[in-house]
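Enquirer: If you want this note's numbering, it's the position in the sequence shown, counting the first as 1, plus 1095. Each residue gets a CB set at the ideal place from its N, CA and C atoms; glycine is no exception. Here the structure is a predicted model, which means the values were calculated and not measured. Can you read through this structure? Questions will come right after.
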Amino acid sequence: MYNITYYHKLIINKEITIAQNERKSIHGQWSSKVLFIFAATGSAVGLGNIWKFPWMAAENGGGAFVIVYLVSVALIALPIMIAEILIGRRGKQNPVNSLRYLSKEASQVKVYEVDHDLNRTKQTKYQHHNQEDYTNWELIGWMGVISGIIILSFYSVIAGWTISYIFKSFSGLFNQVTIDGATSLFKKFTSDAERQLAWHTIFMFMTCYIVSKGVRGGLEKAIKFLIPGLFMILLILTGYVTTLSGFTEGLRYLFLPDLNKITASVVWSAMGMAFFSLSIGMGALMIYGSYLSNKFSIFEVTSIVAFADTFVAVLAGIIIFPIVFTYHLDPTTAGPGLIFQTLPIAFGSMPGGETFGTLFFILLFFAAITSAISLIEPAVTLLIENFRHTRAEASLKIGFVTWLVGIGTIFSFNYWQDVTILGMNFFNLLDALTSKVLLPLGGFSMAIFVGYLVKRRTSVAELKMSQSMYTIWRVLIRYIAPVAVMVIFTNGFM
Ligand code: PHE
1096 MYNITYYHKL IINKEITIAQ NERKSIHGQW SSKVLFIFAA TGSAVGLGNI WKFPWMAAEN
1156 GGGAFVIVYL VSVALIALPI MIAEILIGRR GKQNPVNSLR YLSKEASQVK VYEVDHDLNR
1216 TKQTKYQHHN QEDYTNWELI GWMGVISGII ILSFYSVIAG WTISYIFKSF SGLFNQVTID
1276 GATSLFKKFT SDAERQLAWH TIFMFMTCYI VSKGVRGGLE KAIKFLIPGL FMILLILTGY
1336 VTTLSGFTEG LRYLFLPDLN KITASVVWSA MGMAFFSLSI GMGALMIYGS YLSNKFSIFE
1396 VTSIVAFADT FVAVLAGIII FPIVFTYHLD PTTAGPGLIF QTLPIAFGSM PGGETFGTLF
1456 FILLFFAAIT SAISLIEPAV TLLIENFRHT RAEASLKIGF VTWLVGIGTI FSFNYWQDVT
1516 ILGMNFFNLL DALTSKVLLP LGGFSMAIFV GYLVKRRTSV AELKMSQSMY TIWRVLIRYI
1576 APVAVMVIFT NGFM
């Protein structure tokens, strides 16, 4: 006989909330809210903002891309980001286990019994609907772990370019360099597979070293000075580009959308870019959320991170495009080499350029490594928590696999330049597979999971938003975001 009174429901909900608040992460926590914001910003702000965003915008019609990108961030990426951090913080383990925990929790039904002697109901136990119900959702976690490894494999190669450019800048190679000079410098570098392999190896090694030290030991230290430093250099560069003759043309290209250019493929790329840039859809923020104390508001920290990330990307565009137009570079053909061919010119002709250039590439390197850490962390914690590895072993194994796959990306710029699958070289293929397919799919599944499966009272308790904000978020996560992802995905695919 089941009979629930409102009063009993109240007591039981309260007990659940207390129990949840007392659950601690099994793998440590951030020491403060600011550090979480720094870490999540460190994950979000990276090569995506400075290297990929300008190049993607250039390839997809400038302003048309930017406007779709901004709309995607607000309506799709931000609500999913909140959902992803929610899963992590409540689950408090690696993505696979967190998803398992939440789906178990969601499938619990309370069983009540009427105590006839005392004439009242009492809760006897929790029961699961069906043991099989919750195992499938773990797949989102597995997919994320794999996406992270694939992304990091090429990310590390580009980060290697960045390290090499620190030295190029420092040794004065950019002084008074012309557009042809910068382009041939870049071409010469990317045709040299061994050199890139060396930098890729060094970058992977550093990433694994930091990850092997764990959250408190490694992550927090690296990010404390990165964010302020990066902002400062970007502002200096912005000041410089205002003096260029192509400044207004550059801004116009970036901000005045030619609506005819908004095609299904542009929208698909822009949405993928929003996922990539905000680090969502693969569990990076889920794992960072699992280190976040229950005291902090997910909505507040998420908004700050999303704003910072968008700000840096747009600033990068404001810097790159005036240089492109001043020096008559063709933005549509430069591809992934865009910033490596434009920025040296700026550094070569501005006062103090050698110092700023060196500093810039150092900061870009740090931005890259703080993102790299978050790309590998889900896989590493999975090995630690589910497969009895030590942190060092796990970092080493995952690092090695990633390093190996990365070699394919290096070869895409030289030996395998002409080898294409589906019209793409190896690097473009991995990039498209992750940004355009895996991340949106991961984000979509998280939206469905949190929007429909996770109990309303759970998300209310975790998010602690005002009633109206919660309603807006809930509409976005249940209807707008998943429908938009599916529509964009299918249209793009056609
Ligand atoms: N957001 C990072 C960048 O913009 C890349 C990244 C993607 C990191 C996905 C983690 C997860 O550089």
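Could you pull out every residue in the same chain whose Cβ sits closer than 6 Å to the Cβ of V1128, ignoring the five residues on either side in sequence?
Expert: The sequence given here has Lys at residue 1128, not Val. Once the five neighbours on either side are set aside, the close Cβ partners of K1128 are F1391.
Enquirer: So which residues put a beta carbon under 6 Å from any heavy atom of ligand 1, going in chain order?
Expert: Working through the chain, the matches are S1138, A1139, G1141, L1142, G1143, N1144, I1246, F1371, S1372, S1374, M1377, A1379, S1466, S1469 and L1470.
Enquirer: Let me know the secondary structure DSSP gives Q1188 once reduced to three states.
Expert: Note: Q1188 maps to coil in three-state DSSP.
Enquirer: Can you list, in chain order, the residues of its chain whose CB lies under 7 Å from that of I1415, leaving out five sequence neighbours each side?
Expert: Excluding residues within five positions, the ones whose Cβ falls inside 7 Å are P1149, L1433, I1434 and T1437.
Enquirer: For I1516, list the residues DSSP reports as bridge partners.
Expert: Bridge partners of I1516: M1519.
Enquirer: Give the DSSP-derived three-state secondary structure of Q1291 in the structure shown.
Expert: Residue state, collapsed to three classes: helix.
Enquirer: Touching or not, the stretch 1272–1281 and the stretch 1478–1498, by the rule of three or more beta carbon pairs under 8 Å?
Expert: With the cut-off at 8 Å, the stretch 1272–1281 and the stretch 1478–1498 do not touch.
Enquirer: Name the two residues that bound the continuous alpha helix (DSSP H) containing P1352.
Expert: No alpha helix (DSSP H) contains P1352, which DSSP labels as neither H nor E.
Enquirer: Check for me: the alpha helix (DSSP H) holding N1155 runs from which residue to which?
Expert: Taken as a continuous stretch (DSSP letters only), N1155 belongs to no alpha helix (DSSP H), as it is neither H nor E.
Enquirer: For the pair the stretch 1228–1244 and the stretch 1280–1288, tell me if three or more CB-CB distances fall below 8 Å.
Expert: Verdict: no, contact absent.
Enquirer: In whole angstroms, what separates the C-alpha of R1551 from that of A1201?
Expert: Rounded to whole angstroms, R1551 to A1201 spans 10 Å at the Cα level.
Enquirer: Is Q1203 helix, strand or coil by DSSP?
Expert: DSSP places Q1203 in strand when its eight states are reduced to three.
Enquirer: Can you have a look at L1478 and say buried or exposed, based on whether 16 or more other CB atoms are within 10 angstroms of its CB?
Expert: That one is buried.
Enquirer: Drop a sphere of 10 angstroms on the beta-carbon of Q1291, count the other beta-carbons inside from all chains shown, and report buried for 16 or more, exposed for fewer.
Expert: Label assigned to Q1291: buried.
Enquirer: Taking the alpha-carbon of S1264 as reference, which of G1378, S1360, T1453 and M1301 has the nearest alpha-carbon?
Expert: Here the closest residue by C-alpha is T1453.
Enquirer: Could you check where the alpha helix (DSSP H) with Y1335 kicks off and where it finishes?
Expert: Taken as a continuous stretch (DSSP letters only), the alpha helix (DSSP H) holding Y1335 covers L1321 to V1336.
Enquirer: So what's W1363 in DSSP terms, helix, strand or just coil?
Expert: W1363 falls in the helix class under three-state DSSP.
Enquirer: Please classify F1269: does DSSP put it in a helix, a strand, or coil?
Expert: F1269: coil per DSSP, three-state reduction.
Enquirer: Does DSSP put K1492 in a helix, a strand or coil?
Expert: In this structure, K1492 counts as helix in the three-state DSSP scheme.
Enquirer: At the level of alpha carbons, what is the spacing between G1186 and T1515?
Expert: Those two C-alpha atoms are separated by around 41 Å.
Enquirer: Which same chain residues, not among the five before or five after L1410, have their C-beta less than 7 Å away from its C-beta?
Expert: Around L1410: L1329 and T1333.
Enquirer: Do G1183 and Y1348 have their CB atoms nearer than 8 Å?
Expert: Their beta carbons are not under 8 Å apart, which means G1183 does not touch Y1348 by this criterion.
Enquirer: On the CB-based measure, 16 or more other CB atoms within 10 Å of its CB, does D1526 come out buried or exposed?
Expert: Buried.
Enquirer: When the Cβ atoms of the stretch 1363–1377 are set against those of the stretch 1529–1540, are three or more pairs found closer than 8 Å?
Expert: At 8 Å Cβ cutoff, the stretches touch.
Enquirer: Please list, in chain order, all residues of the same chain as I1171 whose beta carbon is under 6 Å from its beta carbon, the five residues on each side excluded.
Expert: Only A1576 and A1579 meet the Cβ criterion.
Enquirer: Spatial neighbours of I1245 within its chain, please: C-beta separation below 6 Å, excluding the five flanking residues on both sides.
Expert: Result list for I1245: L1525 and T1529, in chain order.
Enquirer: Just the C-alpha distance for A1178 and A1542, rounded to the nearest angstrom, thanks.
Expert: Rounded to whole angstroms, A1178 to A1542 spans 7 Å at the Cα level.
Enquirer: Could you give the first and the last residue of the continuous alpha helix (DSSP H) run that contains K1559?
Expert: No alpha helix (DSSP H) contains K1559, which DSSP labels as neither H nor E.
Enquirer: Should the stretch 1462–1482 be called in touch with the stretch 1354–1362, which here means at least 3 C-beta pairs below 8 Å?
Expert: Taking 8 Å as the limit for Cβ pairs, the verdict is that the stretch 1354–1362 does not touch the stretch 1462–1482.
Enquirer: Apply the 10 Å Cβ neighbour rule to F1420 and answer buried if 16 or more other Cβ atoms are within range, or exposed otherwise.
Expert: Buried, by the Cβ-count rule.
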